[in-house]
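Here's the structure, in structure tokens; my notes come after.
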Amino acid sequence: MNAQIQRLQVLLRLLLAGGLLVWLWPAEGPLVALTWAALGFWGYGLVMLLGFLALPLINRGEATPAPALPGLLRAWWQEFWACERVFAWQQPFRAACEPDHLPDVANAANGRRGVLLLHGYSCNRGLWNGWLARLRARGHACIALTMEPAFGSIDAYADEIEAALRRLERATGMAPLVVAHSMGGLALRAWWRRHGCGDAGRLHRGITLGTPHAGTVMAALGSATNARQMRRAGAWLGELGAAETPAFRARLICYYSNADQVVCPAGTAALAGAEARYKPGLGHLRLVFDPGLFAEVLTELDA
Numbered sequence: 069m070n071a072q073i074q075r076l077q078v079l080l081r082l083l084l085a086g087g088l089l090v091w092l093w094p095a096e097g098p099l100v101a102l103t104w105a106a107l108g109f110w111g112y113g114l115v116m117l118l119g120f121l122a123l124p125l126i127n128r129g130e131a132t133p134a135p136a137l138p139g140l141l142r143a144w145w146q147e148f149w150a151c152e153r154v155f156a157w158q159q160p161f162r163a164a165c166e167p168d169h170l171p172d173v174a175n176a177a178n179g180r181r182g183v184l185l186l187h188g189y190s191c192n193r194g195l196w197n198g199w200l201a202r203l204r205a206r207g208h209a210c211i212a213l214t215m216e217p218a219f220g221s222i223d224a225y226a227d228e229i230e231a232a233l234r235r236l237e238r239a240t241g242m243a244p245l246v247v248a249h250s251m252g253g254l255a256l257r258a259w260w261r262r263h264g265c266g267d268a269g270r271l272h273r274g275i276t277l278g279t280p281h282a283g284t285v286m287a288a289l290g291s292a293t294n295a296r297q298m299r300r301a302g303a304w305l306g307e308l309g310a311a312e313t314p315a316f317r318a319r320l321i322c323y324y325s326n327a328d329q330v331v332c333p334a335g336t337a338a339l340a341g342a343e344a345r346y347k348p349g350l351g352h353l354r355l356v357f358d359p360g361l362f363a364e365v366l367t368e369l370d371a
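Note that this note's numbering has the sequence shown beginning at 69, numbered continuously upward.
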């Protein structure tokens, strides 16, 4: 569903830019027409910039304050192009280009642990194309889900996560590692509540990237069920935490950033009882594309 929505969004952006170009070129000339066409296609980046500029206020009083203005501008610029890569290409048009990799059981005894990749809100499995290619090249069984319904309850994703984990367990004979971006980390915790059965050993490690474990102020802008579940001090998040054991949380690693414009304040992406790892200066999607973070995940995968 998200792929269809995002294809439509790209089409509408192209129509807007093309319409401005055709309308303005005869009367105003190419420079004005091209400027307005570019604003029509990429203007959302200016709205995104406002979110970054608000971070010093949102993160005020946090142990990890927002970067200074040059750092915020750099984070915004990198995040803008990460958004273009994800929402204008990988997810709408390339969501199926990197297949899951599940080796035959007869060829699976290579000592390589399997990996499950979980996307965040308004995303799909196309987010993980680069990860899938690199994990497959290293010989790891790997699955990237597109969790449906796109705007339903996070609890609804627990069963498909369970099915994917079972497939990885059968393929490798080992407890999988899960990497989850944003809302995907909450989906992992919802899986534990429904299917964990108190056995933390089913999960080698759960690594969350910019997950709103304590909610995010930005969730107030969303009306979908899963957006409401991510609001600060929400009942759903409280119930989720009450169902967890120290043994489960000890298997989690939570990455967070002081330049995350979606999950903020910054400390909301950490979780009591879990290991917190700080990646300064990275926007919300840039966490997925950070080479250092990926290298750290490989270290956990090989442990």
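We treat Cβ as the ideally placed atom computed from N, Cα and C, and that holds for glycine.
Given a length threshold of 4 residues, each whole run of the alpha helix (DSSP H) inside the segment 234-282 is given here in chain order: 251-263. Beta-bridge pairing by DSSP links V183 to C210 and L245.
Proximity to A287 across H281, G278 and Q297 peaks at Q297, based on C-alpha coordinates. Its Cα nearest to that of A292, the residue A218 stands out among R300, A218 and A163.
Setting aside the 5 residues that flank it on each side, Q158 is surrounded in the same chain by G194, L195 and N197, each with a C-beta closer than 7 Å to its C-beta; the list follows chain order. Following the DSSP letters along the chain, one finds R75 inside the alpha helix (DSSP H) bounded by residues N70 to E96.
Shortest Cα-Cα distance from G108 to any of E228, L213, A371 and L89 involves L89.
Take L353, set aside five residues on each side of it, and the residues of its chain with a beta-carbon closer than 7 Å to its own are E147, A150, C151 and V154, in chain order. In terms of Cβ geometry, L245 and R204 do not form a close pair [threshold 7 Å]. Contact annotation, L369 with V183: C-beta distance approximately 7 Å; criterion of less than 8 Å satisfied.
N192 is the residue among W104, D172 and N192 whose C-alpha sits nearest the C-alpha of Q72. Using a Cβ distance threshold of 7 Å, G252 and H187 count as a contacting pair. Per DSSP, Y225 lies in no beta strand (DSSP E) and is assigned neither H nor E. L123 and A134 do touch by the CB rule: their CB atoms are close to 4 Å apart, below 8 Å. DSSP lists I321 as the bridge partner or partners of E343. Close CB contacts of A282 within its chain, under the 6 Å cut and outside five residues either way in sequence, are with T336 (chain order). Leaving aside the five residues that flank I222 on each side, the residues in its chain whose CB is nearer than 6 Å to its CB run, in chain order, L254, A255, A258, N294 and Q297.
Excluding five sequence positions before and after F357, the CB atoms of its chain that fall closer than 7 Å to its own CB belong to A150, given in chain order.
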